[in-house]
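**Student:**
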C-alpha cells in the first residue's frame, strides 16, 4: 500500500523537540574520543539565525516526495518554511546529503523541480517558481537510452537508484527496463562501511558471495551461476576493474543486472552468464567536497580515506574527484592480515554537446593467510561441521600480493538533438605474486592436505567501444536505435612452482614450516584472448512509452590461444563466432505499473575435445546459455517492488562413455522466482531486501548418471532484509539491522554431499552531528552478531568458511 504523502502546510514548521542533553553529551564525547587525531573542538552553542544560514551543516534527507523531503530538511536545518500544498503536489526530490549551507542544500533538494527557495525578511523561507534558465529546464534525469554521463536519480531512501546502465541501451529507469536490475548508491556503500563489492551485494537476495571477508578476492553466485570478479565491468567496459578484489573508494554506484546479457554487454571475458556487475566511478558534484574518513575493522585494522572534489572553469564544466585510501593491520582471524593502498582520480568535462570523462586508478593489496577454497573429501564422504573461523587453517606464511594500474576515457558528442556518437577506451596492468595453499579434505574427521605453491602472474588488457545512438519517429512509433562495436584484448603470463605435500587438521591446525620455494623470475606467456563484437538494437515504443519493444543482435568473435609458459609452445588455438539475439517487451498499464518479459542469451567460450576423445582437438562454437523471463514492477512512490520468474539453461560438455565422443550435450537448468523490495516504507524507515527461490536441475548428464539431480551450489531459498530507522528521540541517530538466510546446498553433482543452511544477523548505528560547524558522522556495525560458524558456499565444488563476528567503526568529517 502506498504511503500517503503529507505536503508541507502553509505557515511555519514546528521546531523539533530538543535532544536529551545527557544523551547528546555522551554521543558527542564518543565522537571526540574517536577523533583524537583530528583535534576537533567541543560543539559550539547555538548560533544566531544569520550565521546559521551561512554555516555548513550535515544533512541526510533521502530522495522521495518533495513535500516529505522539505519537511525533513526544515527539521534538520532548524528553519521556518512556508509551502503551499499545491506547489509540491506530484513532485519528487533527489534529496540532499552531506555538508551544505542552507542555500546550497536548497539548491540540491529542489533540483529539477522548477522551484527555488527565497529567504523572507523575518528569517524564514518560502518557495516560488524558478526562472526558466538552463539550470532549471533540464530534461528528466532518467530517460530511455539516456547519456552514460547522466546518472539516474536516487530512489526514495537513497540506498538504490531509480535506474541503471543497461549495456548498449544506456541508462534507463527501472520501469522502462525489461530486465531485473538494481543500482546500489554511494550512500549505501558509505553507510554500510562496504569495503568491496561483496559487502554491497550482501543486500541482494539473488546474489551470494562465494568468499567471506578476508579472502582477498570477490566471487559471486547470481541466479545460481558463478560470476567471477574477472568479469566485473568498470564504467561500462570489461577488462579494467581489479582482477581479484576491488576497493570501492572511487565508486559511485554498483549496478547489478540479473541473468545472461550478451546482447547488452557482449561476452564476459571469463564466460560468466548468471548476471553482470558494473562499477560506476565517482565524479565531482556541483558543490566542493572535502571529506575525511577514519576506519577500524576488528581485530586491528585501521584506515584513512580522503575524498576531495572540485568543479572549475566556465560554468563549472570541468570536474576533478580524488580519492586516496591507506589501510592495514590484523584481521580477527589468526595469522591473517591485509594492507591496502589505493588511489582513484576521476576527471570530467560537460559541455553543451561534447562530454568526456575518465579515470586513473591504482591499487596495491597484500593479503596474508587469506581464507580460500577447501575441496571436499572424495567418494561421497560426509562433510564435517564448519570450523571456528578465527582458527585459521591457512598458514601465516601464505600471502597474495596484487598491484593494479588502470585507466579509461569515455566521450560523447551530440550530432543533433536526436543523435549522439560515443566511444571509450581502457587499459589495465595487473601484477600478482603469491605463496598459497589450496586444501583438500581427506576425510570427514578434519584431516586436510595441500601442495604449497608459488604463483606469479602478469596480465595486460586493452578494451574499447564505439557507437551511435539516436531516435526518430515512423508515424506513431518512436525508434531508439543503437549500433555499437567493441573489442577486448587480454595477454596473460604466469609461472607456478610447487613444493611437496603438507598435512594439517581443519579443527586443530598444525603450525607448518614455511616451504623453501624460489620465486619465479621468468613469466612465460600463458594465453592470449581476443573478443570482438558488433551489436545493433532498437527500442520501438508507442503511446508515449506505454508499450516498448526492444530487439537486437550481437555478432561475437572469440579468439583464444594457449601456450606452455615454460617452453612457449602453442598448446591450443580457438577461434569461433556466434550470433546472439535478444527480444524484450515492456507494457505499462499505468504510470506506476510495468509488466515485462525477455528472451536473452549469454555466451562463454566453447570447449575443445581432449586427447582421449575420438574427435580430439575439435573445437566447439561459443556455448549459448538461454534465459526466458517475465516480471512485474510497481512504484508505490516511496517503495518499489519487483516480481520476476525466470529460466536459464546453460550447456556443458563431456566425453560420452559409450561413443567416446566429446560433445556439448549436458545442461544445467535453473528456474526461479524473485521478489525484491526497496525504498522508504514509512517516514524514517527504509527497507531493502527480498526473497529468491531457485530450482537448479542437471539434465542430459554424462551417461545420464546425474539426470534430475540438484545442481551444486544452488540454494533453493535465499532471503535478505535490511532496515534502517531514523530515531525520533535523537535527531541524527539511525539504527540499522540486517538478516540473511540461505537454505541447504549440494556440493557435488551426485548430491552425496550437502552443506546445511545458515542465518546471519548484523546490527549497526550511525549518528550525524555538527561539531564546531563541522559535519561529522559516526558509524558502527557488527556483522554476524551471534558469531555463527557455518560453511558459506559450495561454489565450483569447493567450500568456503564464513567470517566470524566482526566489528566495523568509522568516523567521517566534511570540512
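Numbering (mature numbering (1 follows the signal peptide of the UniProt record, and there is no 0)), first residue to last: -46 to -1, 1 to 769.
Cβ atoms here follow ideal geometry from the backbone N, Cα and C, with glycine treated the same way.
All of these numbers come straight from a predicted model, not from anything done at the bench.
What is the DSSP secondary structure of residue 482, reduced to helix, strand or coil?
**Tutor:** In this structure, residue 482 counts as strand in the three-state DSSP scheme.
**Student:** With 16 as the cutoff for other CB atoms within 10 Å, does residue 734 come out buried or exposed?
**Tutor:** Flag for residue 734 reads buried.
**Student:** Are the C-beta atoms of residue 768 and some chain D residue less than 7 Å apart?
**Tutor:** The chain labelled as chain D is not found in the depicted structure, where only one protein chain is given.
**Student:** Spell out a yes or no on whether the stretch 541 to 551 and the stretch 124 to 141 are touching, meaning 3 or more CB-CB pairs, one atom from each, closer than 8 Å.
**Tutor:** Touching, per the Cβ criterion.
**Student:** For the candidate residues 299, 284, 243 and 251, whose alpha-carbon lies nearest to that of residue 264?
**Tutor:** Nearest of 299, 284, 243 and 251 to residue 264, Cα basis: 243.
**Student:** Any contact between the stretch 212 to 228 and the stretch 176 to 190? By contact I mean 3 or more CB pairs, one from each, below 8 Å.
**Tutor:** The stretch 212 to 228 vs the stretch 176 to 190: in contact.
**Student:** Determine the closest residue to residue 334 out of 472, 709, 565 and 556, with distance taken between C-alpha atoms.
**Tutor:** The option with the nearest alpha carbon to residue 334 is 709.
**Student:** Out of 607, 123 and 595, point me to the one whose CA is closest to residue 114's CA.
**Tutor:** The shortest C-alpha separation from residue 114 is found at 595.
**Student:** Candidates 112, 352, 143 and 403: which alpha carbon is nearest residue 325's?
**Tutor:** Here the closest residue by C-alpha is 352.
**Student:** Can you say whether residue 545 is buried or exposed, counting buried as having 16 or more other CB atoms within 10 angstroms of its CB?
**Tutor:** That one is exposed.
**Student:** Determine the direct distance from the alpha carbon of residue 416 to that of residue 405, and round the result to whole angstroms.
**Tutor:** Cα-Cα distance, rounded: 34 Å.
**Student:** Here's the rule: buried if 16 or more other CB atoms are within 10 angstroms of the residue's CB, otherwise exposed. What is residue 268?
**Tutor:** Counting Cβ neighbours within 10 Å, residue 268 comes out exposed, since fewer than 16 surround it.
**Student:** Quick one, which of 46, 567 and 111 has its alpha-carbon nearest residue 140's?
**Tutor:** Looking at the Cα atoms, 111 is the closest of the given residues.
**Student:** Checking 7 Å against the spacing of the C-beta atoms, do residue 358 and residue 469 come in under that value?
**Tutor:** Against a cut-off of 7 Å, the Cβ pair of residue 469 and residue 358 comes out as no contact.
**Student:** Given residue 320, which residues of its chain have a CB within under 6 Å of its CB, disregarding the five upstream and five downstream residues?
**Tutor:** Around residue 320: 293 and 355.
**Student:** Quick check: the stretch 742 to 752 against the stretch 184 to 194, are there 3 or more CB pairs under 8 Å?
**Tutor:** These segments do not touch.
**Student:** Whole beta strand (DSSP E) runs in the stretch 247 to 317 with 3 or more residues, listed along the chain?
**Tutor:** Taking only runs of at least 3 residues, the beta strand (DSSP E) segments lying wholly in the stretch 247 to 317 are 253 to 266, 272 to 285 and 291 to 304.
**Student:** Using DSSP with H/G/I as helix, E/B as strand and the rest coil, what is residue 130?
**Tutor:** Helix.
**Student:** With residue 673 and residue 645 assumed to form a contact (beta carbons below 8 Å), what rounded beta-carbon distance in angstroms separates them?
**Tutor:** Residue 673 to residue 645, Cβ: 5 Å. Contact.
**Student:** May I have a chain-ordered list of the beta strand (DSSP E) segments no shorter than 3 residues that lie completely inside the stretch 414 to 464?
**Tutor:** Whole beta strand (DSSP E) segments, 3+ residues: 426 to 428, 431 to 452 and 456 to 459.
**Student:** May I have the straight-line CA-CA distance separating residue 390 from residue 166, to the nearest angstrom?
**Tutor:** Roughly 17 Å separates the two Cα atoms.
**Student:** With a cut-off of 8 Å, do at least 3 Cβ pairs link the stretch 592 to 612 to the stretch 230 to 242?
**Tutor:** Segments in contact, no.
**Student:** Measure from the alpha carbon of residue 649 to the alpha carbon of each residue in 642, 663, 636 and 643, then state which is nearest.
**Tutor:** For residue 649, the nearest C-alpha among the options comes from 663.
**Student:** For residue 586, which option in 554, 629, 563 and 636 has the closest C-alpha, if you only look at C-alpha atoms?
**Tutor:** The candidate whose alpha carbon is nearest that of residue 586 is 629.
**Student:** By how many angstroms is the C-alpha of residue 653 removed from the C-alpha of residue 487?
**Tutor:** Their Cα atoms are separated by approximately 31 Å.
**Student:** In this structure, what does DSSP give as the bridge partners for residue 693?
**Tutor:** 675 and 715.
**Student:** Between residue 413 and residue 461, what straight-line distance do the alpha-carbon atoms span, to the nearest angstrom?
**Tutor:** If you take the alpha carbons of residue 413 and residue 461, they lie about 37 Å apart.
**Student:** Out of 769, 762 and 768, which has the shortest C-alpha to C-alpha gap to residue 252?
**Tutor:** The shortest C-alpha separation from residue 252 is found at 762.
**Student:** Taking residue 171 as the reference, give the member of 201, 143, 677 and 156 with the closest Cα.
**Tutor:** When only C-alpha atoms are compared, the closest one is 201.
**Student:** Flag this pair as yes or no: are the beta carbons of residue 678 and residue 690 separated by less than 7 Å?
**Tutor:** Contact flag set, yes.
**Student:** So, do the stretch 521 to 540 and the stretch 495 to 507 have three or more beta carbon pairs nearer to each other than 8 Å?
**Tutor:** Touching, per the Cβ criterion.
**Student:** Within the chosen definition, does the stretch 370 to 380 reach the stretch 328 to 345 through at least 3 CB pairs nearer than 8 Å?
**Tutor:** Verdict: no, contact absent.
**Student:** Suppose you measure from the CA of residue 386 to the CA of residue 331; what does that come to, to the nearest Å?
**Tutor:** For residue 386 and residue 331, the distance between alpha carbons rounds to 30 Å.
**Student:** Based on Cα-Cα distance, which residue from 485, 439, 407 and 446 lies nearest to residue 453?
**Tutor:** With distances taken between Cα atoms, residue 453 lies closest to 407.
**Student:** Out of 338, 617, 642 and 555, which one is the CA nearest neighbour of residue 228?
**Tutor:** For the residues 338, 617, 642 and 555, the minimum Cα distance to residue 228 belongs to 555.
**Student:** Go through its chain and collect everything with a Cβ distance to residue 480's Cβ below 8 Å, but skip five positions before and after it.
**Tutor:** Within the same chain, residue 480 has close Cβ partners 446, 447, 448, 516, 517 and 519.
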